[in-house]
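Per the working numbering, residue 13 is the first one in the sequence shown, and the count goes up by one each step. All C-beta atoms, glycine included, are put in the ideal place defined by N, C-alpha and C. Right, one structure below, let's go through it.
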Amino acid sequence: MIRRKQIRMMVEKLLTERGIREAPIPVADIARSLGAIVCSQSAEDELSGFLYRDKKSASAIIGVNERHHPNRRNFTAAHELGHYLLHDFDDVHVDRQSKIWLRDKASSQGVSLEEMEANLFAAELLMPEHLIKKDIEHQRELSHSDEDMISELAQEYEVSEHAMTIRLAYLGYMHH
Ligand SMILES: [Zn+2]
Numbered sequence: 013m014i015r016r017k018q019i020r021m022m023v024e025k026l027l028t029e030r031g032i033r034e035a036p037i038p039v040a041d042i043a044r045s046l047g048a049i050v051c052s053q054s055a056e057d058e059l060s061g062f063l064y065r066d067k068k069s070a071s072a073i074i075g076v077n078e079r080h081h082p083n084r085r086n087f088t089a090a091h092e093l094g095h096y097l098l099h100d101f102d103d104v105h106v107d108r109q110s111k112i113w114l115r116d117k118a119s120s121q122g123v124s125l126e127e128m129e130a131n132l133f134a135a136e137l138l139m140p141e142h143l144i145k146k147d148i149e150h151q152r153e154l155s156h157s158d159e160d161m162i163s164e165l166a167q168e169y170e171v172s173e174h175a176m177t178i179r180l181a182y183l184g185y186m187h188h
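Next comes the structure, spelled out in structure tokens:
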């Protein structure tokens, strides 16, 4: 079972303690405050990111693919931060595109629990429900189409439209 409640509470605490009340969520700053440095690195296209953990010094390096769009890198960084906080991987954990980005399909095909938890952590961190809720109400007042709404929210939260679409569906704001 994915630890949904624990992940949500963990993220709430991270945001509250740092006084973060609006998007975009500064994921690299949060990671740094927890001992994990985010850096962009050149890599083959299918590599999304990796987590290198140094247990001795209780620190980590989060690598994200510099060839990918910054919004996508944000999600990858948050995903790796999720692994860092939630999972006891040794040394290096590498994420390839298919694992993260095809998760709708893959979740029924045996993508590991760890990957689903890291995705949920990333979504909760970058797109907190209480902020999304406020923004959606505002967007609906403006009678924006779902397409415009996704595009605007994706820009505001600095995530891909794909990630925003999945998040809105998860929160019950859209039929996906
Ligand atoms: Zn992962």
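Quiz item: Would DSSP call Tyr91 helix, strand or coil?
Solution: The sequence as given places His at residue 91; Tyr does not occur at that position. Residue state, collapsed to three classes: helix.
Practice problem: Using the Cα positions of Gln167 and Ala35, report the straight-line distance between them to the nearest angstrom. | Solution: 10 angstroms
Exercise. Please go through the same chain and pick out, in chain order, the residues whose beta-carbon is closer than 8 angstroms to the beta-carbon of Leu97, but skip the five residues on each side of it.
Key: Met22, Leu46, Phe133, listed in sequence order.
Practice problem: State the Cα-Cα distance for the pair His99 and Val106, rounded to the nearest angstrom. | Solution: 13 angstroms
Exercise. Have a look at Pro140, Asn131, Phe101 and flag the residue whose alpha-carbon is nearest the alpha-carbon of Leu183.
Key: Pro140
Quiz item: Can you check whether the CB of Glu126 is closer than 8 angstroms to the CB of Arg15?
Solution: no
Quiz item: Three-state secondary structure (DSSP) at Ala175?
Solution: In this structure, Ala175 counts as helix in the three-state DSSP scheme.
Practice problem: From the DSSP output, read off the bridge partner residues of His105. | Solution: Leu63
Practice problem: With hydrogens ignored, establish whether the beta-carbon of Asp102 is closer than 7 angstroms to any heavy atom of ligand 1. | Solution: No, the Cβ of Asp102 stays beyond 7 angstroms of every heavy atom of ligand 1.
Exercise. Report the partner residues of Gly75 according to the DSSP bridge assignment.
Key: Cys51, Phe62
Quiz item: Buried or exposed: Met13, going by 16 or more other Cβ atoms within 10 Å of its Cβ?
Solution: exposed
Quiz item: Taking the alpha-carbon positions, what's the Lys146 to Lys68 distance?
Solution: Rounded to the nearest whole angstrom, the C-alpha separation of Lys146 and Lys68 is 42 angstroms.
Self-check item: Alpha-carbon to alpha-carbon, Ala135 and Ile162
Solution: Computed Cα separation, rounded: 15 angstroms.
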